[in-house]
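Be aware that the sequence shown starts at 168, since it is given in this note's numbering, and climbs by one per residue.
Glycine included, every Cβ here is placed at the ideal spot set by N, Cα and C.
Keep in mind that this is a model prediction, so the values were computed, not measured.
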Amino acid sequence: MTTTLTNELKQDLIARGFTRRNFGRIATMLGAGAAAMPFFNEQAMAQLSAVRGMPADAVKINANENPLGPCKEALEACHAILSKGGRYVYEETFGFQETLAEQEGVKANYVQPFAGSSAPLIQSVLAFTSPGKPYVTADPGYESGAGAAKFIGAKVIQVPLTKTYAHDVKAMAAASADAGIIYICNPNNPTGTITPRADIEWLVENKPKGAIILLDEAYTHIAGVQFGSDFVAKDKDVIILRTFSKIYGMAGLRAGAAIGRPDLLRKITPYSGGALPITGMAAANASLKSKTVVPERRKIIGDVRADVLSFMDKHNFKYLPSVSNKFMVDVKRPGGEVKALLEKEKVYVGRVWSSMPNHLRVSIGTQDEMNKFKAAFLKVTA
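And the structure:
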């Protein structure tokens, strides 16, 4: 499926260095949607690392999902709104927008709701990168934005993480004087490691002129570190991505937002269209209002993570110091080999990154799931 680019969008694309030869790919990306684009989101990437016909009783710890699912308040909100499913009910979107804005200390027009955070990530790539304005990202890092940039002909610059597995913000700032986007996922995906707040503050103040800092906070709730909302409140060149797929357990319900200056949000919204799912909006709003869901789940995930990392210590496997709902473990040989062996045991873990070929990314599941993982892991690495 493709979509038609307006004359205004075509002129903007030409002004940013795209040729008419690029238009077809851009239109295809706009019209295809998440399901058709393998770089679009974590679900699509997980499909690349899994196989069709996954057993019903498989341990599925490959996509950084939250097996706890939506909280009680979110489920109640979904049930209450279902009977209105025949209408668009924009009020649910407005309610979510206002609640998130109030909690983040920004005005409502600084928040743009989406069905997850994949769409604003890709739309930011469309809005701010081009053949002459590169996309700068970490290596290893979440590949979706880089995949989109390559697809439309924008240059991608990958900057290795530091020795402490943080984003090397000074190297990223120096990577291109013409950078369109510098993408920071904090905690990082796949490593689960933190970039210190002071480093991000430095990058915001010292980035190349005209570059946008795209700060992906998909996992920030889990780590319990400071959000970047204050950058937006100060009208910095920052767009924050939020998703409800992780700590809120809503990967299948689809809810998220971009938080940024209204002029920046307007640049990405021409690539948006259609009403948002009322169940996702209602559930997200209810989740935000819960006083207990974030601290309770942070502790549950943290406890299970601590248990499996202790297991790795006991059996002399090295891993990266994650504070997220996934971790990278050195399996001491090509990760793809161990991944395939685990699948034979009906345990599905994440994909392999080319810059860390002997590491596997493992998502944190329930305690029972991780116990099954530990037994299978010992078996296949013995």
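> Hey, Ile414 and Ile389: beta-carbon distance below 8 angstroms or not?
Replying inline: yes
> Which full runs of the alpha helix (DSSP H) of 4+ residues lie inside the stretch 462-498, going along the chain?
Replying inline: none
> Once you ignore the five residues that flank Ala342 on each side, which residues in its own chain have a CB closer than 7 angstroms to its CB?
Replying inline: Val303, Ile324 and Val326
>> In the DSSP output, what is Trp520 paired with across the bridge?
In response: Met523
> On the three-state DSSP scale, how would you describe Arg192?
Replying inline: helix
> Rounded to a whole number of angstroms, what is the C-alpha to C-alpha distance between Ser396 and Thr266?
Replying inline: 14 angstroms
>> Whether or not the stretch 487-499 and the stretch 352-366 are in contact is what I'm after, with contact meaning three or more pairs of Cβ atoms, one per stretch, closer than 8 angstroms; do they touch?
In response: yes
>> Please state whether the Cβ-Cβ distance between Gly416 and Pro237 is less than 8 angstroms.
In response: yes
> Which residue or residues does DSSP assign as beta-bridge partners of Lys511?
Replying inline: DSSP output for Lys511 lists no bridge partner at all.
> Which one of Ala294, Ser284 and Val226 has the shortest CA to CA distance from Lys177?
Replying inline: Ala294
>> Helix, strand or coil for Ala424? Go by DSSP, reduced to three states.
In response: strand
> Per DSSP, Tyr350 forms a beta bridge with which residues?
Replying inline: Leu381
>> If you reduce the DSSP assignment to three classes, tell me which class Pro429 lands in.
In response: helix
> Are Ile228 and Val516 touching if we call contact CB-CB under 8 angstroms?
Replying inline: yes
>> In the DSSP output, what is Thr410 paired with across the bridge?
In response: Gly423
>> Here's the rule: buried if 16 or more other CB atoms are within 10 angstroms of the residue's CB, otherwise exposed. What is Tyr257?
In response: exposed
> Where Asn562 and Ser284 are concerned, what is the direct C-alpha to C-alpha distance, given to the nearest angstrom?
Replying inline: A question about residue 562 goes unanswered here, because the residues of the chain that appear run from 168 up to 549.
> Measuring CB to CB, does Ser297 end up less than 8 angstroms from Ile379?
Replying inline: no
> What three-state label does DSSP hand Asp224 in the structure shown?
Replying inline: coil
> Exposed or buried, which one is Ala552 when buried takes at least 16 other CB atoms within 10 Å?
Replying inline: The structure shown does not extend to residue 552, since the chain is modelled only from 168 through 549, so no value can be given for it.
>> Quick check on the DSSP output: the alpha helix (DSSP H) that includes Ala241 runs from which residue to which?
In response: Lys239 to Ile248
> How big is the Cα-Cα spacing for Ile407 and Val399?
Replying inline: 8 angstroms
> What's the gap between the Cα of Gly532 and the Cα of Ala182?
Replying inline: 47 angstroms
> Can Val392 and Val371 be called in contact, C-beta distance under 8 angstroms?
Replying inline: no
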